[in-house]
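So the first sequence is numbered by my numbering: it starts at 16 and just counts up by one.
See below for the structure under consideration.
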Amino acid sequence: MDYFQKISQKILEHFPNVTPESLTWSPTPKPELGDVAFRMFEAARTLNCPPHVLAARVVEEVRFGKEVIKATAAGPYVNFVLDKSLIGRQIVDTILTAGIRYGSHQSGIGKKALVEHTSINPNASPHVGRARNAMIGDSLVRLLRFEGYEVEVHYYVNDMGRQIGLLVLGIEEHVGPLTNGLPPAIPFEKVLQVYVEANARAEHDSEFAAQGYDLLAQMEQGNPDVQRRFRAVTDLCLKGQLAVLARLGITYDVFDHESDYIRDPHLDEIIAALKEKGAIFTDEEGRLVADLSHIGYPYEEGRYFVLKRANGSSMYGYRDLAYTIHKMNRGAQVNIIVLGEDHKMYAQQQAAILQAAGYPAPEAVYYSYIILKEGKMSTRQGKVVLLSDFLDEATQRALEKVRQEWTDLSEEQCSAIATKIAVGAVRFAILKVNPNKNVVFDWESSLSFTGDTGPYIQYSCARIASILRKFGNLPDSVGDDFVLETAPEWALCLKLAVFPDIVRSAVEQRSPAPVAQYALETARLFTTFYHECPVLEAPSAAQKISRAQLCAATRTVISNALSLLGIESMERM
RNA sequence: GCGCCUGUAGCUCAGGAGGAUAGAGCAACGGCCUUCUAAGCCGUGGGUCGGGCGUUCGAAUCGCCCCAGGCGCGCCA
């Protein structure tokens, strides 16, 4: 919604050659300059005159309506002093009317989207680096649902690796054979240690390593006994991993097991298509290899893509083709997969092969890794910060503060609040940064609840809640006597007005980061307002109601933004 | 070597389809709790936006070249 359409309309009427798109508004850099600025660069270009001349002409020649108190030319800009109450009323009214839907363009109504994310190998407890995938994916899902898409969230369970074979062997050494198909009698928390040990052993014990391969081969051949043993382990791990992710509010709709795609009929189509294009051969060592240069893949690097080993067993990337076709056949208009940056070339290779077989490829959303000061995290080597440990610590720290603050609340209530704060801190810390940036994990700064953090934003909501509790019943429609005059009120109000633009941009970019930045900036503007503009003790009755309604609108916008990030706002903290 | 990504204040990051004196937080220092929750606010100091050349009236933003870091490049998943 363009609240300044009346202003641009008058300009357009006076200068008929100017197009509406070329007249864009922005907040003024300083309140003294005015309440809103229009830039003249683009319009001046179409009129073929210098921008500052056009600005002067606009001020001189155009007759504006009653909402404009004063127009001033400032170089290439025209700054307007406005009847802020009039425009503020429209903005606040729009927000209060739309409520939890404010910001959505409903662009996904009647459309389906499929998002695959997380897809952690079912081995040990997830580390915070893996969680970046899950948080980005989950927020994209929330964004798409907010826009009205019917979203199906898929999780690909990679239950076919040699790593899993080694883990099965390692666990069986602890608890005995798993052939009965019952869950292993070992706590999930212990699996990391077993996994690290098994991998370390495979490094120097070549017989043990060979056993891992052998087990994988039998798994692929469909040995029911081996399948039961694998499934017992992968189910245990998947369940444990999902429990940790659920603490962050992340859930999935469909779990697809890699082992179900070993003999998928679509794979024959792929082979046939590659053959027809002369893009497949058996190399001197007996491997089945695709030569992607024959199907339009432009780089020398990654030109050769191995589909099957010499012994006939399939590679991960081969099975993945079948899985991807399965996903693409589910009739979704939007099909997204969240991948680590190390998969960029892999995804291009997959796309090339799929295209050759007449299938589309999913849109890939990439993110870079969270690394430790010592380097990359490695589950295999046990060099990790576990997500569960991190959440425990964050919750503990939050709980101490909450207990101190709210002595009258029960332990359950305190801990519910602390949990939300911990989730807010973790999710915000990850989601606010540009996903293609490496981040170095640091315990202290990650556990900070002050400054540019999720809890800071949640805190602004708690303050609003507190004011509105004390205010009592708030009229849900905005009256004719709505007042909005001061600079902090106006800055906040203008910020609230642009939330829909932020959502659109986030959806287009497939990135939650703009929403996170926006939530933070809005919370900051609210805090300035909070300190400078008393609500309950406002100078007039009309101002008291108006400010309370501005508070309510702010809470709506911030909590809508936070919910897109998977962060809850609360009444108290 | 080749491809993709990144380089902005001591540290962590915004801004990035060109436009008003480059913004936050952390850390440092100095203030503010009988006043809507101090997880807060105000103030001070701190930047040749990696370097160079170019396009433009105008470049942190676009192009080219260099430098530095991350990731990847035929039987891991």
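The beta-carbon is built from N, C-alpha and C at its ideal position, and this holds for glycine as well.
**Request:** For His29, count neighbouring Cβ atoms within 10 angstroms of its own Cβ and tell me buried if that reaches 16, exposed if not.
**Result:** exposed
**Residue of Arg60, Phe541, Arg345, Leu511 minimising C-alpha distance to Ala113** = Leu511
**Message:** Please state the DSSP three-state secondary structure of Phe19.
**Reply:** coil
**Message:** Please report the straight-line C-alpha distance between Ile26 and Glu75, rounded to a whole angstrom.
**Reply:** 11 angstroms
**Prompt:** Using the C-alpha atoms, what's the distance from Gly191 back to Ser274?
**Reply:** 24 angstroms
**Message:** Going by DSSP in three states, Val650 sits in which element: helix, strand or coil?
**Reply:** Past the boundaries of the shown model lies residue 650; the chain is included only from 16 to 588, so the question cannot be answered.
**Request:** Return the residue from the list His189, Arg216, Ile135, Leu155 that minimises the CA-CA distance to Gly176.
**Result:** Ile135
**Request:** Can you give me the start and stop residues for the alpha helix (DSSP H) that Val156 sits inside?
**Result:** 143-161
**Request:** Work out the CA separation of Ala261 and Val269 for me, nearest whole Å.
**Result:** 15 angstroms
**Message:** According to DSSP, simplified to helix, strand and coil, what is Tyr1?
**Reply:** This structure cannot speak to residue 1, because the chain is shown only from 16 to 588.
**Request:** Just the C-alpha distance for Ala58 and Leu402, rounded to the nearest angstrom, thanks.
**Result:** 52 angstroms
**Item:** Chain-order list of residues whose beta-carbon lies under 8 angstroms from that of Lys323 (same chain, five-residue window excluded)
**Value:** Arg302, Leu303, Ser329, Met330, Tyr333
**Asked** What first and last residue would you give for the beta strand (DSSP E) that runs through Ala433?
**Response** That residue, Ala433, is in no beta strand (DSSP E); its alpha helix (DSSP H) goes 426-446.
**Message:** Give the list of continuous alpha helix (DSSP H) stretches no shorter than 4 residues that lie fully inside the stretch 178-253.
**Reply:** 203-219, 221-236
**Item:** Bridge-paired residues (DSSP) for Glu299
**Value:** DSSP, once it has assigned bridges, lists no residue as partnering Glu299.
**Request:** For Lys391, count neighbouring C-beta atoms within 10 Å of its own C-beta (all shown protein chains included) and say buried if the count is 16 or more, exposed if not.
**Result:** exposed
**Prompt:** Opposite His272 in the DSSP bridges: which residues?
**Reply:** Val172
**Message:** Looking at the strands, I want to know which residues DSSP matches up with Leu401.
**Reply:** His142
**Request:** Starting from Ala480, trace the alpha helix (DSSP H) both ways and give me its first and last residue.
**Result:** 469-486
**Asked** Near Arg395, which residues of its chain fall below 6 angstroms by C-beta distance, leaving aside the five closest residues on each side in sequence?
**Response** Asn214
**Rounded separation between Ile22 and Lys99 - CA only** = 13 angstroms
**Asked** Out of curiosity, what's the CA-to-CA distance linking Ala568 and Leu263?
**Response** 27 angstroms
**Asked** For Thr543 versus Pro503, is the C-beta distance shorter than 8 angstroms?
**Response** yes
**Request:** Taking only the alpha-carbon atoms, compute the straight-line gap between Glu36 and Phe53 and give it to the nearest angstrom.
**Result:** 12 angstroms
**Request:** Could you pull the start and end residues of the beta strand (DSSP E) that Leu322 belongs to?
**Result:** 319-323
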